[in-house]
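Residue numbers (our numbering): 573 to 759.
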């Protein structure tokens, strides 16, 4: 009888633990069928101003073939990688004021806060796209500031700042833009 009671208690404890721990397992991500939220077009820089001042790339040299800058007094920053021929603009999730971007089911990092623009069409995917990221591409702590009405040109990319939003274009006219209030992908 005691053996049977002990066996029953063991089964109850196992069942209780199994049900309790099941709530701790990470939920499986569901595919997003929701399109990206829309952004007011007035918040997205449309073209570099005619009077934008070209800055010296040496002032923005982050070493290892990367030129990087903070976007005005805003929270975004961008890095032009001259060796790998892409630009990444990023910001801290907490600084984003726009509607969160639906995370794809294969992304287990942060999504919607790091945009990439390639110089040419990659083998798969879009030329301008969001990255699933586990960390920042560039540490923004000591970056120089690219101010409103300034632009930097390097490795076939032109980046400029409109108030607190950065925009970078490649030579084909594709672009990305990022600031606390707005993002844009120009494929």
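Ideal Cβ placement from N, Cα and C applies to all residues, glycine included.
Bounding residues of the beta strand (DSSP E) (the contiguous stretch that carries residue 734): Along the chain shown, read from residue 1 onward, the residue named residue 734 stands at position 162. Per DSSP, residue 734 belongs to the beta strand (DSSP E) from 729-734.
Residue environment, residue 610, which counts as buried when at least 16 other CB atoms sit within 10 Å: Residue numbering aside, residue 610 sits at position 38 when the chain shown is read from its first letter. It counts as exposed.
Chain-order list of residues whose beta-carbon lies under 7 Å from that of residue 624 (same chain, five-residue window excluded): The residue given as residue 624 occupies position 52 in the chain shown. Taken in chain order, the residues that qualify are 721, 722, 723 and 732.
Reference residue 634, options 740, 608 and 726, closest by Cα: Residue 634 sits at position 62 when you count from the first residue of the chain shown. Here the closest residue by C-alpha is 726.
Buried/exposed call for residue 655, threshold 16 Cβ in 10 Å: Residue 655 sits at position 83 when you count from the first residue of the chain shown. Around the beta carbon of residue 655, a 10 Å sphere encloses fewer than 16 other beta carbons of the protein chains shown; the residue is thus reported as exposed.
Length of the line joining the Cα atoms of residue 622 and residue 679: Reading the chain shown from its first residue, position 50 is the one you call residue 622. Reading the chain shown from its first residue, position 107 is the one you call residue 679. Taking the straight line joining both Cα atoms gives about 39 Å.
Residues near residue 746 in its chain [Cβ-Cβ closer than 7 Å; skip 5 each side]: By 1-based counting over the chain shown, the position of residue 746 is 174. Residues 689, 699, 700, 758 and 759 of the same chain have their beta carbon placed closer than 7 Å to that of residue 746, with the five preceding and five following residues left out of the count.
Coil, strand or helix - residue 613 by DSSP: Working through the chain shown from its first residue, we reach residue 613 at position 41. Helix.
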